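Under UniProt numbering, the first residue of the sequence shown carries the number 1, and numbering increases by one thereafter.
Note that CB positions come from ideal geometry on N, CA and C, so glycine has one too.
The structure displayed is predicted, hence computed values, not measured ones.
A short write-up of the structure that comes next.
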Amino acid sequence: MATFAASPIVGYWKSIDDRTGEPLSLIEIKQEKDGTYSGTIIHRYPNQGGHTLTTCAKCPEPFKDKPLVGLKILTGFTELAKKPGYYVNGKVVDAKSGGVYKGKANVSKNGRRLNMRGYIGVSLLGRSNVWVRSESATP
Numbered sequence: 001m002a003t004f005a006a007s008p009i010v011g012y013w014k015s016i017d018d019r020t021g022e023p024l025s026l027i028e029i030k031q032e033k034d035g036t037y038s039g040t041i042i043h044r045y046p047n048q049g050g051h052t053l054t055t056c057a058k059c060p061e062p063f064k065d066k067p068l069v070g071l072k073i074l075t076g077f078t079e080l081a082k083k084p085g086y087y088v089n090g091k092v093v094d095a096k097s098g099g100v101y102k103g104k105a106n107v108s109k110n111g112r113r114l115n116m117r118g119y120i121g122v123s124l125l126g127r128s129n130v131w132v133r134s135e136s137a138t139p
């Protein structure tokens, strides 16, 4: 019986604020039944002031005022067949700004970092974040 390795993007990732270096969220990325990949916030970290963003207050419907823990912030990512570890055609919800962006991502060769890019229109008009792999769902 053949066994298949999970895609490199599957697992737990800690999102990091690219401006402050603080951890923001712990996100679980899974493969959906349709073969795409999605990510759900499973934990939010407090900032240096001790405040934790708990709802998506600035987000459009259907995300508006929803609790962040349990919110699916990544949807529709597909892995490039000829470039394993590279993902395109996704949507990214930025809970802080309330924006919903097109997304693409790639996993580093050592599997420890996820380079996530959210953009409007073309990829050049966007912002990148580096997420760090976490070994478990425990913050």
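Sub-8 Å separation of residue i and residue j beta-carbons
i, j, result
"L53", "K96", "yes"
"G90", "K104", "yes"
"I16", "V130", "yes"
"K72", "G35", "no"
"K66", "T78", "no"
"Y45", "P23", "yes"
"G111", "P8", "yes"
Pick from the options that is closest to residue i, judged by C-alpha positions
i, options, result
"G99", "T20, L80, K83, Y119", "Y119"
"S136", "R127, Y87, K14", "K14"
"G11", "I42, E22, D34", "I42"
"N115", "K58, H51, Y87", "Y87"
"K33", "P139, Y101, T75, G85", "T75"
"A6", "G50, P46, R113, P84", "P84"
"Y37", "G121, S134, L124, N106", "N106"
"G49", "Q31, V132, G70, T20", "T20"
Residue i - DSSP class collapsed to helix/strand/coil
i, result
"Q48", "coil"
"K96", "coil"
"T138", "coil"
"I120", "coil"
"E28", "strand"
Own chain residues within Cβ distance below 8 Å of residue i, not counting five before or after
i, result
"R127", "D18, R117, G118, Y119"
Residues of its chain near residue i, where Cβ-Cβ distance is below 7 Å and the 5 sequence neighbours each way are ignored
i, result
"C59", "V93, A95, G98"
"S134", "Y12, W13, K14, L26"
"residue 141", "Since the first residue of the chain shown is 1 and the last is 139, residue 141 is not available in this structure."
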